[in-house]
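With this note's numbering applied, the sequence shown corresponds to residues 2 to 138, in that order. Even for Gly, the Cβ is constructed at its ideal location relative to N, Cα and C. Here is the structure we will look at.
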Amino acid sequence: MKIKFLAILLLIGIAEAQERLVATDHVPDAPGTRRFWSAENKIDLSIFAAQLAADAITTQRGLSEGFREVNPLMRPLVTRGVAGQATASALSFGASLGTVYLLHVTHHYRAERITLRLVLAGACALVGHNIALLRGR
Numbered sequence: 002m003k004i005k006f007l008a009i010l011l012l013i014g015i016a017e018a019q020e021r022l023v024a025t026d027h028v029p030d031a032p033g034t035r036r037f038w039s040a041e042n043k044i045d046l047s048i049f050a051a052q053l054a055a056d057a058i059t060t061q062r063g064l065s066e067g068f069r070e071v072n073p074l075m076r077p078l079v080t081r082g083v084a085g086q087a088t089a090s091a092l093s094f095g096a097s098l099g100t101v102y103l104l105h106v107t108h109h110y111r112a113e114r115i116t117l118r119l120v121l122a123g124a125c126a127l128v129g130h131n132i133a134l135l136r137g138r
């Protein structure tokens, strides 16, 4: 219960900090355009990379303690050890980054921010779930 509460507080704090960053960091290069590698996106993607690392560590620990991977797409990779887990993490990061970048280049800036925050929330929930399972055993 404490882990879930901490994860929710962390997510709220991150979202609040990013809202302030968006308001002060928006300096367009040309009218109606926005840079993809803004400070907001750099922070968001750094947080996501850290969440993927935490997910990888907790997933491998759970597998070594007898748990199983519930994601059928990642199961063939993560059961192959650290190399497979690294591949799964790289694929997850690439798919998320590609989706967000596609929204950016099609000028869907609001959808880009919402999508990236949903990705962060989902990764936070997964890591929190893994930690809760590992502590419960």
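- Between V79 and L64, the C-beta gap is smaller than 8 Å, which places the two residues in contact.
- Contact between L53 and A124 holds: CB atoms are separated by about 7 Å, below the 8 Å threshold.
- In the three-state reduction of the DSSP assignment, T80 falls in the coil class.
- A contact between stretches requires three or more CB pairs, one per stretch, nearer than 8 Å, and the stretch 104-119 fails this requirement with the stretch 89-96.
- For G129, the uninterrupted alpha helix (DSSP H) segment begins and ends at 110-137.
- Each residue's CA atom was taken as its position, placing A112 and I48 some 19 Å apart.
- Assignment of N72 by DSSP, reduced to helix, strand and coil, places it in the coil class.
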